[in-house]
Every structure is written in C-alpha cells, then in structure tokens.
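Everything below concerns the one structure shown next.
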Amino acid sequence: MSEDLVSGLLAAQDAAEGQASFDAFNRAHGMGAVRDPYPIFDALRAAQGPVARIQPALFLGGGAGGGSDSGMKLPPGMDGDVYVALSHEAVSRVLRDAELFSSAGYANTMGPVMGRTILEMDPPEHGRHRDLIQKAFTKKAIEVWERELIAPVVNGLIDRFAARGHADLVRELTFPFPVAVIAGMMGLPASDFPAFHRLAVELISVTSDFEGAVRAGQGLQEIFARVLAERRASPRDDLVSVLAHAELDGTRLTDDEIHSFLRLLAPAGAETTYRSSSNLIFGLLSHPDQLEAVRADRSLVPDAIQEGLRWECPLLGILRTATRDAEVCGVAIPAGSPVSLHLGAANHDPERWERPHEFDVFREKKANMAFAFGPHRCLGMHLAKCESEVVLNAVLDRLPGLRLDPAAEDVHVTGMVFRAPLALPVIFDPA
Ligand code: HEM
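Following this line, the structure appears as structure tokens:
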C-alpha cells in the first residue's frame, strides 16, 4: 500500500460528498430519539423471562418509553409476533444451532440491497463460502493493514485537528476513518473514494430509503466490477485480488459473489466500527478516572475495548428464523417464527454481569455478544479490534488532557437498533 493511497483516502474526506455524508447518515437513521433502551429490555425480561413474545414495532422505538426512531420501517416478514431472546443464555442457545435457527430471513431484508451474502447462508453452504472469504482476513493481512493503512489514516485525520485544541471526534475521526480503511483494503482507486463513501452511506440507509439503498448497491457494483476485472487480470496486494484468486477444493468465488461480499463490507465494516470506537471513547470520556488508568497502563486497552463493546453494543439485534418447532429456555417457538436475538440485552443480562449498565474496564473478563457467536460470528472481529486499538492509542498518545468539552450540551449514546453518540465534542492541550 502506498502513501498515495493514504493521501487519496484523506483527500476524499474533504470532498463535498464525504463531508455531507454524516448528516445524511444521521437523518436517514433518525437515530436521535432513543436514549436508553435498556430499561425496556429489563422490564420485558422481568415480565416474560429470557425469551419474550412481542410486536416488533416495540423494538423500532414505538413502545414503552421508547420514543421513535423516525423513518425506520419493519422488514418484510416482521409484521406478526416475534420471539425475542433477551438473556445471554437464550441468545447463545439460538446462535449455537444454525440449522434449527436459520439466517435465510436476511434474504428478504438485506438481499435486495446486498445481493446474496454469507450472512443469509446456512450450513453447509455458509461454511464453504466463509472458508473462501476468510483467506482475505488472515492475521498477516491485518498486520499489514494496521501498519500501512489504519495507523496512517487515523494519524492523518488527527493531524488535521491536533493543533486546534478542540474537535468533534465523531465527525473528524470515528465516522470517516473506517470507511477510508475499507476503501483502502479493497484497493479502490483514489478517484472512486468520494463516490464510494457516499454510496456506502446510502446503502446503510436501507431501513429509511429502500429504493435509494438499492440504487446505491448498483452504484457500488459498478465500482467493484471495474476493480475486480482489473485484479483478475493482474493481482495486487489488496482484498479484491485475494477474493478474485481464492480457491478451495477447486471452487472459486464468482463475480456476483464477490460483488455481494464487498457490498456487505460497507455496513458490516464501516458503520459498526464507527459506532464501537465512538462508544468506547465516550465510555472513557464520561469516566475520567478510567480514561486516566488506561492512558497510564496501555495493557488495559484490550479490556477497555471489550467493555466498550459489552456496555454499548453497536448493533443491538440480529435475526434468525426457526426451521422447526423449537424450545429455548423453556419457551416453545413454532416453526417459521422470526427470532430476534437481542445482543444488547444479552450484554446487560443481570444473571451474567454485575452492575450490567455500568461502564467498568476493570470488571471480570467474560465473553460478550457484540460480535455474536457460532458460525456467523463476525468475520471482521480481529480487524475491528485492531482498528479500535489503533484509534484509542492514537487518541491517548496525541491528545493530552483530553476531556469532554464542558460547553457541550448533554453528550450521550443514542439509538434503538444501532447505538452511538451523534457527536463527541472534546477539548485537549493543543500539540
Ligand atoms: C465493532 C465492530 C463490529 C461489530 C460490533 C460487528 C458485529 C457483527 C455481528 C453481530 C455479526 C453477526 C451477524 C449475524 O449473525 O446475523 C457480524 C457478522 C459479520 N461481520 Fe461484523 N462487526 C463489526 C466489524 C466488522 C468488520 C470491521 C468487518 C469487515 C471488514 C465485519 C464483517 C462481518 C462479516 C463479513 C459478517 C458476516 C459473517 C458471517 O455471516 O459468517 N464486521 N458482525
């Protein structure tokens, strides 16, 4: 990866399209309304137990104390009752059995926008595809991305405000950096970055503007098709080249399969990482004693990342469908029922976590559900952790005296389906 690539990625952040994208993204998600959904899940768990049966509108913000995530629409097939797994045990039991609880429902919700991706595949087809795709996410590849892409992009963005003494860390750092990283990993030409950024944002606005998201998917495909044709002919050291030439038992991925996978990476890789790194930094900023402890002892960084993911999980829920009559934690689930797995509620399950709603980097280490579990566990988990480590260390190294801007009003994490702060206004000692 060259310096030109990184400077091209950074320049793309200045393009008008890139600048407008955060506002467009927030408008589309209408995510300002629900400040704290956790009491709703606690009440539901207390009333109905680890698996509840509900009207799905409740989870899109219409219910008890929830306000409304304006503009969000129910996915097809979610207009009847839905079973909701709310405890760590219930969520893990469903995720452990991918044959009984199918992911095929994503074909209705995401398929029209993404195409057919591994997200909607069940075993054994899922395993074959995942093995092929995994070849692009090796430890060695992540080390190269960290050194040549993630660290230069993060530092390049911080260079722009380090001397100013104040910044909005969401707009200026945590929102733009993961999109730039994904574009760089794919090896897109710099001239495509601004369009990629805009289309990636439009694609993830699928719940509020379905037709716009489908159009964005087609626009992304045009970019990918060009790059893929070039890499099939002459491979380089990027993700598209690895996918183009990956082979398992004589099988290769088709162009369509590669396009769909690349489209999935926009929301899977960019949006969640913006959210997780923002939530982590907010957790530390709102607990200055823990911020100072992590600043002083960097061996705490991995624990802080884990706790950030547990405390404010970027993606609150995922979906499965029962393929046969099933039973989870004593609740009968009829064949064909949609089952929503509430990762956020599982991460705040009082049976598993003491003081579950508190951010505490020193808490006892236990696995949480932010990346899910089982065969579909996040494929980008190690990359996401690496990105969080780079961004947190850079913020701690380069922004001494970092604190929330006391003049800023009421900074908080928000959202009913996805969670993140809308802004992180901070002050620090200028470089
Ligand atoms: C903190 C950041 C992230 C979080 C919280 C997260 C969360 C998740 C979750 C919960 C799933 C499971 C979905 C399901 O089973 O229904 C998933 C799957 C996936 N994630 Fe991530 N993700 C993150 C970052 C990334 C990154 C950086 C990438 C890649 C660049 C990525 C790529 C994927 C892919 C390809 C899948 C599908 C895996 C499969 O179906 O086998 N994710 N992610």
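So the sequence shown is numbered by my numbering: it starts at 6 and just counts up by one. Cβ atoms here follow ideal geometry from the backbone N, Cα and C, with glycine treated the same way.
Burial of Phe46 is indicated by the presence of at least 16 other C-beta atoms within 10 angstroms of its C-beta. In the three-state scheme derived from DSSP, where H, G and I count as helix and E and B as strand, Ala337 is classed as strand.
When DSSP reads this structure, Gly322 sits in a beta bridge with His347. In terms of Cα proximity to Leu305, the closest of Gln53, Leu397 and Ala156 is Leu397. Taking Arg315 as the centre and dropping the five residues before and after it, the same chain places the C-beta of Asn352 and Asn373 closer than 6 angstroms to its C-beta, in chain order. Judged by DSSP in its simplified three-state form, Thr328 adopts coil rather than helix or strand. 9 angstroms or more divides the Cβ of Arg58 from the Cβ of Val99. With fewer than three CB-CB distances shorter than 8 angstroms, the segment 257-269 does not count as touching the segment 155-174. In the structure shown, Pro430 falls within a strand segment according to DSSP collapsed to helix, strand and coil.
Taking the C-beta atoms as reference points, Leu91 is found nearer than 9 angstroms to Arg50.
In this structure, Ile138 sits near Leu384, with a CB-CB distance shorter than 9 angstroms. In this structure, Lys390 sits away from Asp308, with a CB-CB distance that is not shorter than 9 angstroms. Between the segment 173-181 and the segment 414-432 there are three or more inter-stretch CB-CB distances shorter than 8 angstroms, so the stretches are counted as touching. One thing to note: Val11 has its Cβ no nearer than 9 angstroms to the Cβ of Gly274. By the Cβ criterion, the segment 316-332 is in contact with the segment 107-122, since at least three pairs of Cβ atoms, one from each stretch, lie closer than 8 angstroms. By the Cβ neighbour-count rule, Gly222 is buried, with 16 or more other Cβ atoms within 10 Å of its own.
Shown here, Val416 sits in coil according to DSSP, grouped into three states, outside any helix or strand.
Contact between the segment 240-249 and the segment 188-206 is present, with at least three C-beta pairs closer than 8 angstroms. With a 10 Å radius around the Cβ and a threshold of 16 neighbouring Cβ atoms, Ser210 comes out buried. Rounded to whole angstroms, Pro183 and Leu285 show a C-alpha spacing of 15 angstroms.
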